[in-house]
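Below you'll find the structure, written out as structure tokens, and then a few comments.
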Amino acid sequence: MAKNPYIVKSDGKLAITKRGYKFLQKIVTDPYGDVYAFTDEAPRLLAAASMARLSRSAQNLRKTYLLEFAATESAAPEFIEKVVAGFGDDSVKQLIYVLLVVEGASNLLTKKLEWGRFAGYLEQSTRYIYFDQKDESGRYKYYIPQNLPPEIKLTYTEHMNTIFDNYSYIVRELTDFVRLQTKEPKDKLERAAWLGATRAQACDAARVLLPSATQSTVGIVAPAQSVENLIYFLASQTLAEAQETAKVILRESKKVVGPFLKQVERPERGGAAIVYRQDTSSAVANLAKSYFGGFSHSVSNSAEVTLVDWWPKGDELDILVPEMLFSEMKMPVKMLQNRVQTWPREQKLEVFNSYVGERLNYRHKPGRAFEKIHHEWELLIDYGKFRDLQRHRVLDMPEWQRLSPAYGYDVPKLVKESGMENMFQNCFELSEDLYNYMNGVGLAEEAQYATLLGHKMRFRFMMNAREAFHLLELRTQPQGHPGYRQVCIEMHKLLSEIHPLSGAAMKFVDKGEDPELTRMAAELATQRKLSLLKQENPVE
153 MAKNPYIVKS
163 DGKLAITKRG
173 YKFLQKIVTD
183 PYGDVYAFTD
193 EAPRLLAAAS
203 MARLSRSAQN
213 LRKTYLLEFA
223 ATESAAPEFI
233 EKVVAGFGDD
243 SVKQLIYVLL
253 VVEGASNLLT
263 KKLEWGRFAG
273 YLEQSTRYIY
283 FDQKDESGRY
293 KYYIPQNLPP
303 EIKLTYTEHM
313 NTIFDNYSYI
323 VRELTDFVRL
333 QTKEPKDKLE
343 RAAWLGATRA
353 QACDAARVLL
363 PSATQSTVGI
373 VAPAQSVENL
383 IYFLASQTLA
393 EAQETAKVIL
403 RESKKVVGPF
413 LKQVERPERG
423 GAAIVYRQDT
433 SSAVANLAKS
443 YFGGFSHSVS
453 NSAEVTLVDW
463 WPKGDELDIL
473 VPEMLFSEMK
483 MPVKMLQNRV
493 QTWPREQKLE
503 VFNSYVGERL
513 NYRHKPGRAF
523 EKIHHEWELL
533 IDYGKFRDLQ
543 RHRVLDMPEW
553 QRLSPAYGYD
563 VPKLVKESGM
573 ENMFQNCFEL
583 SEDLYNYMNG
593 VGLAEEAQYA
603 TLLGHKMRFR
613 FMMNAREAFH
623 LLELRTQPQG
633 HPGYRQVCIE
643 MHKLLSEIHP
653 LSGAAMKFVD
663 KGEDPELTRM
673 AAELATQRKL
683 SLLKQENPVE
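Per my numbering, the very first residue in the sequence shown carries number 153; after that it's consecutive.
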């Protein structure tokens, strides 16, 4: 075996050589200190492999890297496979991330791609981009299921093309209509903000016409463990597009983190995981059909936002104050709860107010004591609003029902004012015709592609009060879509009726009455920030 130039053994201890320290200067931010980060010079697989050794090595991690991986890079994949397969240490898969991009995903698939909790997602926005651009072949960007017979495919594409033609006309006419309502600013920054705000206003109103088949791009940043779970989830779906995407994600991810995904293709591991999910989903679906048949609840009297339940029941201060004090105490939580219940309200409020503190903006989140309180919500909202709310990853049990035109839609005020209501409604008629046609020929799963983002659907989830701070304050910001802003304002109202102190502490829930003015202000603030960045970093 060749001598390792980076590390030597001296007096029974490992010592880093001068050459070793020179090597470390390239791959870590600090070769000597106790806190350091791996740089881009360090191969990701080697960095992950050295970190995986932490639990079974008493050595300084940099020494482990130099000793086991720096001189023999081929050792890293073998070690990863040994740990994952031999020791069953799934946590090792959390040590390396994949930057994954899925192009051409339908809006049905995007929500499945963003299903996992432990990953980050970014998606093309229907609020700022005109979705009437055509591809190289001159076709609108919508997904066509691969299993459609020729005659059904023809009907499908004819309906889709007409809907997109109408969307294209309406979104651009709405943009002109909105801009005619206000004076065009002369100031460069104000004009850029005005163009952005008016375009967003038109896109907000017209996006409900986009079919669920509309294709988009999703960026995913996820550890290998989450990628593995995503593959299992997609492969177990009844939607053919999801199944095919699972295969492609595995194929491409193996090229960068192959040793971490070896078990996916093993029948006893990956195969069994997929079959388990398919079997349980199928069994529940069959039971639901058996017990309820085609039963469907009328939505004529259903509220857009329903607070289904909350827990624990009881006085808000009695629930939260013991949690706020627990880490500072030396007594069991039950004893602490009993003591706090005997306090006067003013004393409990003192603790509550001190815990919340003086919040200067919505990014200042109170501590985890608020995770004690949970609320269960059911929303009857259009698919467009759902897309924006579903992405929050700290929701519990986020579940939604299959898409259907049965629950109706709303006509935006701007569409009515512009005089294009008939063309707008024609899109929904075309959508419903196509949905019923596909459903009638046994393509119930694929029929969902025919629904529009404006069609209403049921979505339910549970959320702790701390996450409510984040979701409700973020989604009521002035630049937010008016639709989900109103949903979140109503959620805050209902929450505050049950837990008024928590609701009041959410001081950055923005209930502004003129969303167009507030959006304009937000766009102007964005343009000013961009201008400052250009001044600080001028292009040479």
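The beta-carbon is built from N, C-alpha and C at its ideal position, and this holds for glycine as well.
Counting only runs of 4+ residues, the alpha helix (DSSP H) found wholly inside the region 219-286 occupies 227-233, 259-265, in chain order. Beta-bridge annotation (DSSP): TYR294 is paired with THR366. The beta carbon of TYR561 is closer than 8 Å to those of VAL360, ASP534, PHE580, LEU604, GLY606, HIS607, LYS608 in its chain, skipping five residues each way along the sequence. Per the Cβ contact rule, the region 436-444 is not in contact with the region 610-625 (fewer than 3 Cβ pairs under 8 Å).
Less than 9 Å separates the beta-carbon of ARG171 from that of PRO157. Around the beta carbon of ASN259, 16 or more other beta carbons lie within 10 angstroms, which makes this residue buried. Residue burial is scored here from C-beta neighbours: ALA358 has at least 16 other C-beta atoms within 10 angstroms and is therefore classed as buried. ALA349 is the residue among THR309, LEU341, ALA349, TYR294 whose C-alpha sits nearest the C-alpha of ASP328. By the C-beta density criterion, LYS486 is exposed, having fewer than 16 other C-beta atoms within 10 angstroms. Per DSSP, LEU413 lies in no beta strand (DSSP E) segment and is marked neither H nor E. Taking a cut-off of 8 Å for Cβ pairs, the region 295-312 and the region 373-390 do not touch, as fewer than three such pairs fall below it.
The alpha-carbon separation between GLU573 and VAL563 amounts to approximately 7 Å. Within the model, the alpha-carbon separation for GLU649 versus GLU530 is close to 17 Å. Taking one beta carbon from each stretch, the region 249-264 and the region 404-421 have 3 or more pairs nearer than 8 Å; the two touch. Inclusion of LEU402 and LEU413 in the CB contact set at 9 Å is warranted, their separation being smaller than that value.
When the Cα atoms are used, MET614 and LEU218 turn out to be separated by approximately 47 Å. Residue burial is scored here from C-beta neighbours: PRO464 has fewer than 16 other C-beta atoms within 10 angstroms and is therefore classed as exposed.
The region 535-550 makes contact with the region 625-635; the number of CB pairs closer than 8 Å reaches 3 or more.
Distances from the CA of VAL457 to each of THR224, LEU541, SER570 were compared; the closest alpha carbon is that of LEU541. In the structure shown, THR458 falls within a strand segment according to DSSP collapsed to helix, strand and coil. Between the alpha carbons of PRO652 and LEU547 lies a gap of roughly 21 Å.
Residue pairing by DSSP leaves HIS516 without any beta bridge partner. For VAL436, the enclosing alpha helix (DSSP H) covers residues 424-444. Assignment of beta-bridge partners to ASN616 by DSSP yields HIS526. Taking the C-beta atoms as reference points, ALA257 is found nearer than 9 Å to SER368. A straight-line Cα-Cα distance of about 59 Å links THR494 and VAL330.
Within 10 angstroms of the beta-carbon of LYS500 lie 16 or more other beta-carbons, which makes it buried. Ranking LEU647, ILE641, LEU646 by CA distance to the CA of VAL661 puts ILE641 first. Short of 6 Å from the beta carbon of LEU166, and not among the five residues preceding or following it, lie these beta carbons of its own chain, in chain order: ILE159, LYS215. Going by DSSP, SER654 is part of the alpha helix (DSSP H) stretching over 652-657. For ALA167, the uninterrupted beta strand (DSSP E) segment begins and ends at 165-168. By the beta-carbon neighbour count (other beta carbons within 10 angstroms, threshold 16), PRO474 is buried. No Cβ-Cβ contact shorter than 9 Å links LYS174 with TRP552.
Under DSSP, no beta-bridge partner is assigned to PHE504.
Here the C-alpha atom of ALA558 lies approximately 33 Å from the C-alpha atom of ALA271. A straight-line Cα-Cα distance of about 11 Å links MET483 and ASN490.
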